[in-house]
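Just so you know, the sequence shown maps onto residues 0 to 47 in numbering that gives the first Met the number 0.
Where is the CB? At the ideal position from N, CA and C, for every residue including glycine.
Here the structure is a predicted model, which is why all the values come from computation and not from measurement.
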Amino acid sequence: MTEKQIDELDLRMAIYAAQVDRMDQGIGKVVAELEEQQQLDNIRLHHV
Numbered sequence: 000m001t002e003k004q005i006d007e008l009d010l011r012m013a014i015y016a017a018q019v020d021r022m023d024q025g026i027g028k029v030v031a032e033l034e035e036q037q038q039l040d041n042i043r044l045h046h047v
């Protein structure tokens, strides 16, 4: 692979990691709110 291709893959991986982190933060907020309202045991969360 060329240096440019490696740099492009590095950028793609960084973007993907940021997206996963953002999604994880959002799910964490939902779970925290459900816990606060004592509703977490009544909810089934699915992520596809």
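So, helix, strand or coil for residue i, using DSSP?
i, result
"Q48", "Past the edges of the chain, shown from 0 to 47, lies residue 48, and the structure says nothing about it."
"L44", "coil"
"M0", "coil"
**Message:** Can you confirm whether the region 11-30 touches the region 39-46 when touching is taken to mean that 3 or more C-beta pairs between the two stretches lie within less than 8 Å?
**Reply:** yes
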